[in-house]
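Q:
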Amino acid sequence: MYPEYMAGSLKAVEATRAKRLELAKSGQPVFTPMTAEERQDVLNKFHPDYAPGALRTVRIGPNKGEELTTEVTEILEAHSMVEPKLMDIHLTKPDYETDLLIIGGGGAGCWAAIEAARNGVKSMIATKLRMGDANTMMSEGGMQAAVAPADSPTRHYLDAIGGGHFENKPELVKILTEDGPEVVRELEKLGVIWDKMDDGSMQVLHGGGTSRKRMVSCRDYIGAIIMRTLMDEVKNHPDMITVREFEPAVELLLDEKGHCCGAVLYSLDTEQFLTVRAKSTIITSGGFGRLHIRGFATTNHYGATGDGLVMAYRAGAKLKFMDSVQYHPTGAVFPEQIAGFLITEKIRGAGGQPVNKNGELFVFPREPRDVSSAAIIRECTERGMGIDTGASRTGIWLDSPIIDMLHGEGYTRHHFPAMVRQFGQFGIDIVKDPMLIFPSLHYQNGGVEIDGQCQTNIPGLFVAGEASGGVHGRNRLMGNSVLDYNVFGRRAGKIASEFSKTSKIGKPNLDHVVRYAKEMSDAGVESDLVAPVILPSYTPEDVKLQQLARLGNTPARHSMLRSRISRGDHK
Amino acid sequence: MKSAKAEAHGQTPAGHEPQPRMVTVLIMGKRHTVPEHATIMRAIEYAGHQIIRGAGCREGFCGACGTIYRLPGDYKIHTGLACTTLVKEGMSLTQVPAVPMEKAIYDLEKLTPDVTTIQQLYPVVFRCVACNTCSKACPQGLKTMDYIQAAMRGDIAMIMDLSFDCVACGLCALRCPAEIVQHKVGILGRRLYGRYLSKHSQHLDDRIDEMHAGKFDAEYATLMSMAKDELSKLYYARDIEA
Chain A
1 MYPEYMAGSL KAVEATRAKR LELAKSGQPV FTPMTAEERQ DVLNKFHPDY APGALRTVRI
61 GPNKGEELTT EVTEILEAHS MVEPKLMDIH LTKPDYETDL LIIGGGGAGC WAAIEAARNG
121 VKSMIATKLR MGDANTMMSE GGMQAAVAPA DSPTRHYLDA IGGGHFENKP ELVKILTEDG
181 PEVVRELEKL GVIWDKMDDG SMQVLHGGGT SRKRMVSCRD YIGAIIMRTL MDEVKNHPDM
241 ITVREFEPAV ELLLDEKGHC CGAVLYSLDT EQFLTVRAKS TIITSGGFGR LHIRGFATTN
301 HYGATGDGLV MAYRAGAKLK FMDSVQYHPT GAVFPEQIAG FLITEKIRGA GGQPVNKNGE
361 LFVFPREPRD VSSAAIIREC TERGMGIDTG ASRTGIWLDS PIIDMLHGEG YTRHHFPAMV
421 RQFGQFGIDI VKDPMLIFPS LHYQNGGVEI DGQCQTNIPG LFVAGEASGG VHGRNRLMGN
481 SVLDYNVFGR RAGKIASEFS KTSKIGKPNL DHVVRYAKEM SDAGVESDLV APVILPSYTP
541 EDVKLQQLAR LGNTPARHSM LRSRISRGDH K
Chain B
572 MKSAKAEAHG QTPAGHEPQP RMVTVLIMGK RHTVPEHATI MRAIEYAGHQ IIRGAGCREG
632 FCGACGTIYR LPGDYKIHTG LACTTLVKEG MSLTQVPAVP MEKAIYDLEK LTPDVTTIQQ
692 LYPVVFRCVA CNTCSKACPQ GLKTMDYIQA AMRGDIAMIM DLSFDCVACG LCALRCPAEI
752 VQHKVGILGR RLYGRYLSKH SQHLDDRIDE MHAGKFDAEY ATLMSMAKDE LSKLYYARDI
812 EA
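One line per chain: the protein sequences are A and B, in this order.
Following our numbering, the numbering of the first sequence begins with 1 at its first residue and continues without gaps.
Following our numbering, the numbering of the second sequence begins with 572 at its first residue and continues without gaps.
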C-alpha cells in the first residue's frame with residue numbers, strides 16, 4: 001500500500017496514462033532518444049562513476065598507477081587471509097587434486113563443469129555458498145540473442161559495442177553475439193523453457209539499447225530457470241564433477257614457472273584453509289555488488305564481493321575497465337524492505353514507462369543502462385521531480401499498469417509473476433499501480449582481462465562471466481550478461497579442459513602472496529582490510545565493536561567483521 | 572539497547588531515520604528485540620549474527636533462506652523466506668537452510684516426457700495422500716500438491732506450469748507426510764517440458780544454419796575493422812524497431 005502522501009502523485013500518473021498509452025501505440029518512440037552529446041552530458045553530470053571520489057589510483061599490482069573504482073582499489077590494497085609459511089605442508093600434499101578447478105558455482109561455473117565433463121575431463125567446483133547462489137539465479141528479464149528473422153548477430157554486435165561506448169574488445173563481442181542463437185538451442189536441449197509464440201517461434205522483446213527485439217525470456221524467472229537447469233545437470237554427473245560448497249577460494253596457487261595450478265580454499269564451516277592442485281583453473285566467481293559502491297543499495301547476491309578480482313590480481317592478472325560500475329536504472333525504492341531489489345528491465349521492454357512525480361515522461365524508456373540511470377538521478381536531484389519515500393530516499397514511478405493496456409488483461413500476471421509477488425507481499429498490485437524506483441548497484445562491467453580463449457595473462461588461468469573484463473566495455477546492455485556467462489562459461493569449460501589434458505604443472509606455491517605483501521609495504525600502503533571480503537557484514541556498528549573486543553588474532557583482521565567497520569552505517 | 576540507526580543496516584542509504592518501533596522475536600529460541608519493519612533476515616543480522624547458511628540472493632529467488640515460525644496464540648507452523656517475510660511481535664523462528672534428500676540421477680536424453688519417467692525416477696510421488704500440506708507450506712504460494720497430482724498422471728506440462736516459480740527451498744518436502752521431494756519432481760518436469768514438449772522454433776534453426784554457413788562473416792569483418800568514429804556514426808544512425 002502506498003502511503004497517503006503519495007496519492008496526489010499517483011493521481012497525476014493516472015491522469016497522463018491515456019495520453020502516454022496513445023503515444024506507445026503510435027509506433028514512434030514515446031520520448032526522443034538522446035544524441036551522443038546528450039548522453040555524454042548526462043553521464044558526466046549525474047552518473048555515480050563520474051562523481052568526485054568515485055575513483056582512486058591503485059598503488060600496487062599489475063594495474064599500478066591506474067584509476068579504479070575506489071572500493072575496488074580498497075580491496076586490492078588489502079591483506080591476504082593466508083599466512084603462506086603455514087601452508088607449506090598443504091602445498092606439498094594438497095588436500096584435493098583435480099584436472100580442472102572451477103572457482104564459483106554460478107551459471108558460468110556450472111557450464112564450464114558440464115562442458116569439461118562432455119570433454120571427458122573431471123572438474124571440481126569450489127563455491128562460496130551453495131551451488132547456484134549467484135547473480136545468475138536472480139536475473140529476471142531475459143537474454144539477448146539474435147534469433148528473430150528481422151534481427152542479425154551483426155546488429156547485436158553494433159548495439160553491444162555502442163552501448164559499451166565503442167570500447168569493448170571486438171573479438172569478445174563477436175564471440176558473444178555469434179554464439180547467441182546456439183546458446184538458446186543448447187539451453188533448450190537441457191530443458192530450459194523459453195517463452196514462445198503460438199507458432200513456436202521465440203518471443204522477443206526490446207531491452208535498453210537494442211535496435212531490434214532480441215530479448216528471449218522465461219517469464220520473469222530466466223535466471224532461476226537457467227540456473228536450476230544447469231545445477232540439476234551438474235548433479236547428474238557425480239562421477240565427473242565434484243562440488244565443494246561453503247568453500248570459497250581465497251588465493252590462487254602458482255608453480256615455479258608462474259603457471260596457475262589451483263587455489264587455496266577457505267571452509268566457512270570449519271575455518272580451515274584447504275589446497276587444491278589443478279591442471280587448469282577457471283575463475284567464475286561473479287561480481288562485486290555487495291561492496292555497496294558509493295553507498296548504493298544493490299540488486300546483487302549476498303556473496304558478490306569481487307573475490308575473483310582480488311585473487312587474480314594478487315597472482316599478477318591484469319584487470320580491465322575496473323573504473324566503471326553498472327547501476328540498474330530500476331531498483332525498487334519503496335517499500336523500504338525491498339529497497340535495492342531488481343525490477344526487471346523487461347517491464348520497460350513490455351512497454352512500462354518511467355515517469356516523474358507529475359506523471360511526465362522525461363527519458364526514452366530504453367536508453368542504455370548508464371544513460372537511463374543518470375537521467376533518473378538527474379530527475380530526482382537537479383530537477384527535483386522525484387517522489388520522497390519517507391525513508392530518506394527519492395524515486396520516480398515505473399508505470400506498469402500501462403502494460404496490460406498495451407498487451408491485454410492478464411499479461412502482467414503471466415509474464416511477471418516474480419514482480420507481482422514481490423510487490424504483492426507489501427500490498428502493492430503492480431497491475432493497478434506503478435512501482436517506485438531508483439538506480440541500484442547492479443553489475444561489474446569490467447573484470448579480469450581475457451582474450452577470446454577466456455585466457456588471462458597467467459598461463460593456466462581462465463576467467464568467464466561477470467568476473468571477466470572486456471566484452472561489455474564500460475557499460476553492459478540488458479540481457480548481455482545472461483548471454484555472457486552462457487557463451488563464455490561454455491567456452492572456458494571447453495578450452496580449459498582441453499588445456500588440462502596436456503598441461504604439466506609443478507609444485508604449487510604462494511610466493512606471489514609474499515611478494516604482493518612486500519610490494520604493499522614498500523609502497524607504504526596501510527590497510528586494515530583483509531580480502532577477499534567473502535561476505536558483507538550487516539551487523540550493527542555497536543554490536544560489531546563489541547565483537548571486535550575479542551583478544552586474539554583471528555577476528556580482528558577477519559574480513560567478515562572488518563569489512564564495514566570504518567565505512568559508516570549506510571551500507 | 573541498540574542504536575536506532577542500526578536499523579539502517581542492510582540496504583538502507585544514509586539518513587536520520589525516526590526511531591523505529593521494536594518487536595520481540597525468538598530466533599532459534601533466543602529472545603531478541605528488533606525493529607518492527609525488519610524482514611526476518613535483517614532481524615537475524617540486527618541481532619548480531621553473520622549469516623553463512625540461510626542467506627542467498629536476498630530477493631526471493633534462490634530458496635536459501637527458508638524459515639519456519641510460529642506466532643503467539645496460533646497453533647500453526649508457518650513458512651516464509653527470511654529475505655521477504657516481515658517479523659511480527661512474538662514470532663518464534665528457525666531457519667531451515669538445507670533439507671536432506673536424494674536427487675535422482677538421470678540422462679535427460681534417455682527419458683520420455685510421461686508418467687513412466689516419474690515412476691522410474693521418483694516413485695515416491697505415488698505415496699501422495701492429497702493432504703495439501705505441501706501447498707500450505709510453500710512460501711511462494713504455489714499449488715504444489717496439484718503438480719504432484721499432475722506428476723502421478725504424467726501431465727508434464729502442468730508440472731512445468733505450476734512449479735515454474737519454485738525457489739527450491741525444500742519446505743514442502745520437509746512437511747510432506749508422504750516424504751515426497753516435490754521440488755525435485757518440479758525441476759524434472761520443467762526440464763522434460765523444455766526438452767521434449769516445447770514447440771519447435773524454426774526461426775532458431777534457420778538462424779543457426781545461417782551462422783554455420785558463414786552468412787554474417789563478411790559483415791563482422793567490416794564492423795570489426797571500423798574505427799570508433801565510423802562505428803559511432805553507424806550506431807547513432809541505425810533504425811530502431813518499433
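C-beta: ideal position from N, C-alpha, C; glycine also.
This one's a predicted model, so the numbers in the text were calculated from it and none came from an experiment.
What's the C-alpha gap between Arg762 of chain B and Gln547 of chain A?
A: C-alpha separation (whole angstroms): 47 Å.
Q: Under the three-state reduction of DSSP, which class applies to Leu309 of chain A: helix, strand or coil?
A: If DSSP states are grouped into helix, strand and coil, Leu309 of chain A belongs with the helices.
Q: To which residues of the same chain is Gly132 of chain A closer than 6 Å at the C-beta, ignoring the five residues directly before and after it?
A: Hits under 6 Å: Met227, Met231.
Q: Mind checking Gly408 of chain A: buried by the 16 CB within 10 Å criterion, or exposed?
A: Classification for Gly408 of chain A: exposed.
Q: Quick one: residues in its chain with C-beta nearer than 8 Å to the C-beta of His570 of chain A, no 5 flanking neighbours on either side, listed in chain order?
A: Interpretation of His570 of chain A is limited by its pLDDT of 37, a score under 50 that renders its predicted location unreliable; no figure is taken from the coordinates.
Q: Let me know the alpha helix (DSSP H) ranges lying completely inside the stretch 206-236 of chain A, each 4 residues or longer, listed in chain order.
A: Whole alpha helix (DSSP H) segments, 4+ residues: 222-235.
Q: Which whole-angstrom value describes the C-beta separation of Lys507 of chain A and Glu256 of chain A, a residue pair presumed to lie in contact below a C-beta threshold of 8 Å?
A: Contact flag correct, Cβ pair sits at about 7 Å.
Q: Return the first residue and the last residue of the alpha helix (DSSP H) that Arg490 of chain A is part of.
A: Taken as a continuous stretch (DSSP letters only), the alpha helix (DSSP H) holding Arg490 of chain A covers 480-502.
Q: To which residues of the same chain is His512 of chain A closer than 7 Å at the C-beta, ignoring the five residues directly before and after it?
A: Excluding sequence neighbours, His512 of chain A sits near Leu254, Arg314, Ala315, Gly316.
Q: List, from N- to C-terminal side, the beta strand (DSSP E) runs of 3 residues or more that fit wholly inside the stretch 333-409 of chain A.
A: Here the runs fully enclosed are 353-355, 394-399.
Q: For the candidate residues A:Ala374, A:Val58, A:Met137, whose alpha-carbon lies nearest to that of Gly303 of chain A?
A: Ranking the options by Cα distance to Gly303 of chain A, first place goes to A:Met137.
Q: Which partner residues does Cys260 of chain A have in the DSSP bridge list?
A: Cys260 of chain A is bridged to A:Leu254.
Q: Unbroken beta strand (DSSP E) runs of length 3 or more, entirely within the stretch 623-696 of chain B: which are they?
A: Within the stretch 623-696 of chain B, the complete beta strand (DSSP E) runs of at least 3 residues are 637-641, 649-652, 663-666.
Q: Apart from the five residues on each side of it in sequence, which residues of its chain come closer than 7 Å, Cβ to Cβ, to Arg212 of chain A?
A: Correct list, in chain order: Ala148, Ala150, Asp151, Arg155.
Q: Report all residues from its chain with a CB closer than 7 Å to the CB of Ala374 of chain A; omit the five preceding and five following residues, and keep chain order.
A: Correct list, in chain order: Val42, Leu43, Phe46, His47.
Q: Alpha carbons only, please: which of A:Ser497, A:Gln453, A:Ile103, A:Phe416 is nearest the one belonging to Thr275 of chain A?
A: It is A:Ile103.
Q: When you compare each of A:Leu477, A:Ser481, A:Lys501, A:Pro459 to Ala467 of chain A by their alpha carbons, which one comes out closest?
A: The residue with the shortest Cα to Cα distance from Ala467 of chain A is A:Ser481.
Q: For Pro52 of chain A, count the other beta carbons within 10 Å of its own beta carbon; 16 or more makes it buried, fewer makes it exposed. Which is it?
A: Label assigned to Pro52 of chain A: exposed.
Q: Chain B partners of Asn168 of chain A, CB-CB under 9 Å?
A: The contacting residues do not exist; Asn168 of chain A stays about 10 Å from chain B at best.
Q: From Leu642 of chain B to Gln590 of chain B, what does the alpha carbon distance come to, in whole angstroms?
A: When rounded, the distance between both Cα atoms is 25 Å.
Q: Buried or exposed for Thr539 of chain A, going by 16 or more other Cβ atoms inside 10 Å?
A: With 16 or more other Cβ atoms within 10 Å, it is buried.
Q: Starting from the Cα of Glu630 of chain B, find the closest Cα among A:Asp159, A:Met215, A:Gly191, A:Gly223 and give me that residue.
A: The shortest C-alpha separation from Glu630 of chain B is found at A:Gly223.
Q: Given a cut-off of 9 Å, decide if Phe246 of chain A and Glu71 of chain A are closer than it, judged by their beta-carbon atoms.
A: Not closer than 9 Å, so no.
Q: Which of the three DSSP states, helix, strand or coil, is assigned to Arg59 of chain A?
A: Three-state result, Arg59 of chain A: coil.
Q: Give the secondary structure of Ser468 of chain A by DSSP, where H, G and I count as helix, E and B as strand, and everything else as coil.
A: Note: Ser468 of chain A maps to strand in three-state DSSP.
Q: Between the beta-carbon of Leu309 of chain A and the beta-carbon of Pro536 of chain A, is there less than 9 Å?
A: Going by C-beta atoms, Leu309 of chain A is not nearer than 9 Å to Pro536 of chain A.
Q: Helix or strand or just coil, what does DSSP make of Met6 of chain A?
A: Helix.
Q: Under DSSP, the beta strand (DSSP E) around Met782 of chain B begins and ends at which residues?
A: Counting along the chain, Met782 of chain B falls outside any beta strand (DSSP E), though it belongs to the alpha helix (DSSP H) covering 773-783.
Q: Between the stretch 379-408 of chain A and chain B, which residues of the former have a C-beta closer than 7 Å to a C-beta of the latter?
A: For the stretch 379-408 of chain A, which is checked against every Cβ of chain B, the residues closer than 7 Å are Ala391, Ser392, Arg393.
Q: Using three-state DSSP, classify Gln590 of chain B as helix, strand or coil.
A: Gln590 of chain B falls in the coil class under three-state DSSP.
Q: Which whole-angstrom value describes the C-beta separation of Phe462 of chain A and Ile282 of chain A, a residue pair presumed to lie in contact below a C-beta threshold of 8 Å?
A: Sure, about 4 Å apart at Cβ, within 8 Å.
Q: Please report how far the alpha carbon of Glu750 of chain B lies from the alpha carbon of Cys740 of chain B, in whole angstroms.
A: Near 15 Å, if we compare the C-alpha coordinates of Cys740 of chain B and Glu750 of chain B.
Q: Between the stretch 485-504 of chain A and the stretch 113-128 of chain A, do at least 3 Cβ pairs fall closer than 8 Å?
A: The answer is yes - the stretch 113-128 of chain A touches the stretch 485-504 of chain A, with three or more Cβ pairs under 8 Å.
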